[in-house]
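Notes follow the structure.
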Amino acid sequence: MPDDDGATAHLSAERLASYLDGRLTTAERDLALAHFDRCADCRREMTEGRRVLALASPLRPDLVRRAPRRLVTVVTMAMAAAVVFAVILPTVRDRSPQQVAIRASDRLAAEIVPPLGTVSPPAGSTFSPQRDALVWRSASGNAEYRLTILDADGGRVWTTSTSDTSVALSADVRLTPGSEYFWSVDALLADGRSTTTRVHHFTVK
Amino acid sequence: MPGERPGATDGLRLNATDASTVHSPELQDLLHCTDPAAGEAAWTRLVQSYTPLLLHAVRSVAPQSDAAMDAYVYVLERLREDEFRRLRAFAIDGRSSFGTWLVVVARRLCIDRHRQLYGRAPRGEHDAAAAQAERLARRRLLDLTALPIEAADLIDESSDSPERAIRVAELHCALDAALADLSVADRVVLKLRFEDGLSAQAIASALGLPTQFHVYRQLNVIYANLRRQLAVRGVMSSAP
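Taken in sequence, the protein lines are chains A and B. Going by our numbering, the first sequence runs without a break in its numbering and finishes at 207. Going by our numbering, the second sequence runs without a break in its numbering and finishes at 278.
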């Protein structure tokens with residue numbers, strides 16, 4: 003790929019990766035955006051790269067190391083990875099590339115997790131913070147859940163983590179009666195896979 | 039070669055300062071090895087750690103299982119060649135995280151391989167498809183930003199009259215001028231939405247916005263700006 007001087011030249015891999023990581027200077031980012039404005043191929047590459055990184059985020063050893071979550075989760079993931087690679091993925095030295103690829107295919111097929119289902123409140127219904135709880139279906143295995151509530155402007159109202167599949171709002175969370183809010187739950191499984199409920203909404207009674 | 043800066047890999051070995059910019063211990067171990075056996079072991083560890091990420095990256099280019107596995111093997115071979123030349127180039131100049139860089143490089147290698155095997159789409163076909171997509175995208179954007187169509191303004195859509203052709207050209211010209219007055223960031227949002235067909239959530243993710251609702255708000259502001267610009271240019275309806 004050509005170098006990235008100016009907005010007309012395609013972005014180098016390093017420049018695109020830095021853009022995706024948010025590590026460009028303001029001027030560099032402006033140049034990158036100007037190029038995305040002109041080049042549909044690079045724009046598609048950027049959005050696809052972002053999509054892959056979001057999907058594969060729990061599988062990244064570099065992110066897990068730099069921003070460790072709970073010690074239990076990190077240790078569990080490391081143990082799971084060790085077991086998987088000891089059993090499923092032999093060393094590259096001892097196997098032909100084709101055999102390595104076949105084993106890797108088995109692992110990839112096992113990584114897909116169905117979307118997480120919600121139970122209550124039903125989409126678009128009313129919600130009473132004092133009486134009701136937010137409930138969702140359990141993901142397989144020992145999962146950690148992260149609940150996020152947003153207001154209609156997209157501002158984050160409340161977020162909490164739990165190993166349970168329901169949450170009652172904390173007493174200090176103030177929701178405006180009659181207003182619409184949006185909520186979602188992300189689940190991180192013990193083996194490093196993840197899934198989400200996607201975004202649902204309710205109106206406060 | 040994808041990811042390469044000319045002259046960036048002239049056999050340089052990492053020093054203590056350079057090592058601080060390399061975030062992956064597996065990569066550090068690999069590039070600091072002087073013993074071939076230790077190097078092989080370090081490469082194996084790096085592959086084991088990053089295989090899940092690499093598989094996601096190659097599957098985004100080659101979804102079909104057999105093709106994905108061939109692409110995976112190809113990527114590993116390319117990363118190894120010339121004594122890990124690409125990895126050394128990242129280690130010297132990498133501002134991004136290693137995982138992100140790896141995804142970008144792996145995808146580019148897969149795309150290049152696909153083109154080597156199957157070639158690009160014939161230029162004529164590519165241009166025709168792109169032109170048609172752009173026409174449809176412009177039509178949708180014009181419909182969204184122009185004021186509601188009055189019945190009296192409706193003209194037979196199947197008509198090939200010169201009058202209609204002129205009016206359509208005028209509409210597109212006005213839209214081009216209005217788009218040119220937008221900021222680069224706003225134009226990118228519109229292109230992601232109308233040319234690339236992304237959802238608001240995907241746009242938010244691509245541009246680093248907190249939620250899809252930020253995208254909706256930005257689009258509403260953009261539509262309002264475009265309506266004003268089109269009105270200044272005499273466009274009050276999207277009907278030709």
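Each residue gets a CB set at the ideal place from its N, CA and C atoms; glycine is no exception.
- Task: Give the range of the beta strand (DSSP E) segment to which Phe-38 of chain A is assigned.
- Result: Along the first sequence, one-based indexing puts residue 38 of chain A at 36. From DSSP, Phe-38 of chain A is part of no beta strand (DSSP E) but of the alpha helix (DSSP H) over 28-40.
- Separation of Asp-131 of chain B from Tyr-110 of chain B, as counted between CA atoms: Looking up residue 110 of chain B in the second sequence gives position 72. Looking up residue 131 of chain B in the second sequence gives position 93. Distance between the alpha carbons of Tyr-110 of chain B and Asp-131 of chain B: 25 Å.
- Interface residues of chain A around Leu-91 of chain B at Cβ under 7 Å? Within the second sequence, residue 91 of chain B is the residue found at index 53, counting from 1. Per Cβ cutoff of 7 Å: Ala-58, Leu-61, Arg-62.
- Pro-186 of chain B by DSSP, collapsed to three states: which one? Start at 1 with the first residue of the second sequence, and residue 186 of chain B comes out as number 148. Here Pro-186 of chain B scores only 48 on pLDDT, less than 50, and its place in the model should not be relied on; the value that follows carries that caveat. Coil, per DSSP.
- Task: Return the chain-ordered list of same chain residues with a C-beta closer than 6 Å to the C-beta of Tyr-147 of chain A, the five sequence neighbours on each side being excluded.
- Result: For the purposes of this step, residue 147 of chain A is taken as residue 145 along the first sequence, with counting starting at 1. Thr-164, Val-187, Ala-189, listed in sequence order.
- Message: Using CA atoms only, rank isn't needed, just tell me which of B:Gln-267, B:Ala-212, B:Val-226, B:Val-270 is closest to Asp-32 of chain A.
- Response: Here residue 32 of chain A is taken as the residue at index 30 of the first sequence, counted from 1. Cα-wise, what sits closest to Asp-32 of chain A is B:Val-226.
- Query: Shorter than 8 Å from the beta carbon of Ala-42 of chain A to some beta carbon of chain B?
  - Reply: Counting from one through the first sequence, the residue named residue 42 of chain A turns up at place 40. Yes, because at least one Cβ of chain B sits closer than 8 Å to the Cβ of Ala-42 of chain A.
- Query: Using a Cβ-Cβ cut-off of 7 Å (strictly less than) and excluding sequence neighbours within five positions of Leu-65 of chain B, which residues of its own chain qualify?
  - Reply: The count along the second sequence starts at 1 and reaches residue 65 of chain B at position 27. The residues are Leu-84, Leu-125, Ala-129, Phe-136.
- Buried or exposed: Ala-19 of chain A, going by 16 or more other Cβ atoms within 10 Å of its Cβ? If you number the first sequence from 1, residue 19 of chain A lands on position 17. Under this definition Ala-19 of chain A is a buried residue.
- When we look at the beta-carbon of Ala-56 of chain A and count the other beta-carbons within 10 Å, is it buried (16 or more) or exposed? Position 54 of the first sequence holds residue 56 of chain A. Exposed is the call here.
- Hey, quick one: how far does the beta strand (DSSP E) through Phe-184 of chain A stretch, first residue to last? Numbered from 1 along the first sequence, position 182 holds the residue referred to as residue 184 of chain A. Segment 182-190, the beta strand (DSSP E) holding Phe-184 of chain A.
- Starting from Asp-131 of chain B, find everything on chain A with Cβ-Cβ shorter than 9 Å and list it in chain order. For the purposes of this step, residue 131 of chain B is taken as the residue at position 93 of the second sequence. Near Asp-131 of chain B (Cβ distances below 9 Å), the residues of chain A are Glu-16.
- Query: Between the stretch 89-108 of chain B and the stretch 63-80 of chain B, do three or more beta carbon pairs fall short of 8 Å?
  - Reply: no
- Task: Have a look at Thr-75 of chain A and Leu-35 of chain A and give me their C-alpha separation to the nearest angstrom.
- Result: To locate residue 75 of chain A, count along the first sequence from 1; it is residue 73. To locate residue 35 of chain A, count along the first sequence from 1; it is residue 33. Note on Thr-75 of chain A: pLDDT 48, under 50, position unreliable in the model; the coordinate value appears next. Cα to Cα, the separation comes out at about 37 Å.
- Message: Given a cut-off of 8 Å on the beta-carbon distance, is the pair Thr-249 of chain B and Leu-171 of chain A in contact?
- Response: Taking the first residue of the second sequence as 1, we reach residue 249 of chain B at position 211. Taking the first residue of the first sequence as 1, we reach residue 171 of chain A at position 169. No, the Cβ-Cβ distance between Thr-249 of chain B and Leu-171 of chain A is not below 8 Å.
- Query: Between the C-alpha atoms of Trp-139 of chain B and Leu-228 of chain B, what's the straight-line distance to the nearest angstrom?
  - Reply: For the purposes of this step, residue 139 of chain B is taken as the residue at position 101 of the second sequence. For the purposes of this step, residue 228 of chain B is taken as the residue at position 190 of the second sequence. Approximately 27 Å between the Cα atoms of the pair.
- Keeping to the same chain, check which residues put their C-beta closer than 6 Å to that of Arg-40 of chain A; ignore five residues upstream and five downstream. Here residue 40 of chain A refers to the residue found at position 38 when the first sequence is read from its first residue. The answer is none, since no qualifying residue turns up.
- Query: Per DSSP, what kind of secondary structure is Ser-168 of chain A in: helix, strand or coil?
  - Reply: Looking up residue 168 of chain A in the first sequence gives position 166. Three-state result, Ser-168 of chain A: strand.
- Message: Does any residue of chain B have a CB that is nearer than 8 Å to the CB of Glu-182 of chain A?
- Response: Here residue 182 of chain A corresponds to residue number 180 of the first sequence, with the count starting at 1. Cβ-Cβ to chain B under 8 Å: no for Glu-182 of chain A.
- Message: Give me the DSSP bridge partner(s) of Glu-146 of chain A.
- Response: One-based indexing of the first sequence puts residue 146 of chain A at position 144. The partner list for Glu-146 of chain A (beta bridge, DSSP) reads A:Leu-190.
- Task: Using a Cβ cut-off of 7 Å, pull out every chain B residue sitting near Ser-20 of chain A, in sequence order please.
- Result: The sequence position of residue 20 of chain A within the first sequence is 18, counting from 1. Simply Arg-133, Ser-134.
- Contacts around Thr-205 of chain A, its chain only, beta-carbon distance under 6 Å, and the 5 residues preceding and following it disregarded: As a working note, residue 205 of chain A is residue 203 in the first sequence. Once the five neighbours on either side are set aside, the close Cβ partners of Thr-205 of chain A are Thr-128, Glu-182.
- Query: Pairing CB atoms from the stretch 213-222 of chain B with CB atoms from the stretch 254-270 of chain B, are three or more of them under 8 Å?
  - Reply: yes
- Assigned exposure category for Glu-279 of chain B - 16 Cβ within 10 Å defines buried: The structure shown does not extend to residue 279 of chain B, since chain B spans only 39 to 278, so no value can be given for it.
- Item | Proximal chain A residues relative to Phe-128 of chain B, where beta-carbon distance stays under 9 Å | For the purposes of this step, residue 128 of chain B is identified with residue 90 of the second sequence, where counting begins at 1. Per Cβ cutoff of 9 Å: Ala-15, Glu-16, Ala-19.
- Message: Which residue marks the beginning of the alpha helix (DSSP H) containing Ser-98 of chain B, and which one marks its end?
- Response: Walking along the second sequence from the start, residue 98 of chain B turns up at place 60. Element bounds for Ser-98 of chain B: 74-99.
- Task: Consider the Cβ of Arg-153 of chain B: report whether some Cβ of chain A lies at a distance smaller than 8 Å.
- Result: Taking the second sequence and counting its residues from 1, the one referred to as residue 153 of chain B is at position 115. So no, Arg-153 of chain B is outside the interface.
- Any C-beta of chain A under 8 Å from that of Ala-95 of chain B: For this step, residue 95 of chain B is matched to residue 57 along the second sequence. By this cut-off, Ala-95 of chain B is an interface position.
- Indicate whether at least one CB of chain B lies closer than 8 Å to the CB of His-12 of chain A. For the purposes of this step, residue 12 of chain A is taken as residue 10 along the first sequence, with counting starting at 1. Chain B, which has no Cβ nearer than 8 Å to the Cβ of His-12 of chain A, makes this no.
- By a C-beta neighbour count over all protein chains shown, 10 Å radius and 16 as the cutoff for buried, is Val-273 of chain B buried or exposed? For the purposes of this step, residue 273 of chain B is taken as the residue at position 235 of the second sequence. With 16 or more other Cβ atoms within 10 Å, it is buried.
- Task: Give the range of the alpha helix (DSSP H) segment to which Val-121 of chain A is assigned.
- Result: For this step, residue 121 of chain A is matched to residue 119 along the first sequence. Val-121 of chain A -> not in any alpha helix (DSSP H); beta strand (DSSP E) instead, spanning 120-122.
- Boundaries (first-last residue) of the alpha helix (DSSP H) holding Phe-251 of chain B: Taking the second sequence and counting its residues from 1, one reaches residue 251 of chain B at position 213. Unbroken alpha helix (DSSP H) run through Phe-251 of chain B: 250-270.
- Val-222 of chain B: which of B:Ala-175, B:Leu-245, B:Ser-134 sits nearest, CA to CA? Looking up residue 222 of chain B in the second sequence gives position 184. Among B:Ala-175, B:Leu-245, B:Ser-134, the Cα nearest to that of Val-222 of chain B is on B:Leu-245.
- Item | Closest by C-alpha distance to Leu-155 of chain B, when choosing among B:Ser-134, B:Arg-231, B:Tyr-112 | Walking along the second sequence from the start, residue 155 of chain B turns up at place 117. For the residues B:Ser-134, B:Arg-231, B:Tyr-112, the minimum Cα distance to Leu-155 of chain B belongs to B:Tyr-112.
- Message: Rounding to the nearest angstrom, what Cα-Cα distance links Met-48 of chain A and Ala-240 of chain B in this structure?
- Response: Against the first sequence, residue 48 of chain A aligns to sequence position 46. Against the second sequence, residue 240 of chain B aligns to sequence position 202. When rounded, the distance between both Cα atoms is 11 Å.
- My guess is that Glu-50 of chain A and Ser-98 of chain B are in contact by the Cβ rule of under 8 Å, so how many angstroms apart are they, rounded? By one-based count along the first sequence, residue 50 of chain A stands at place 48. By one-based count along the second sequence, residue 98 of chain B stands at place 60. With a Cβ gap of about 6 Å, Glu-50 of chain A and Ser-98 of chain B count as contacting.
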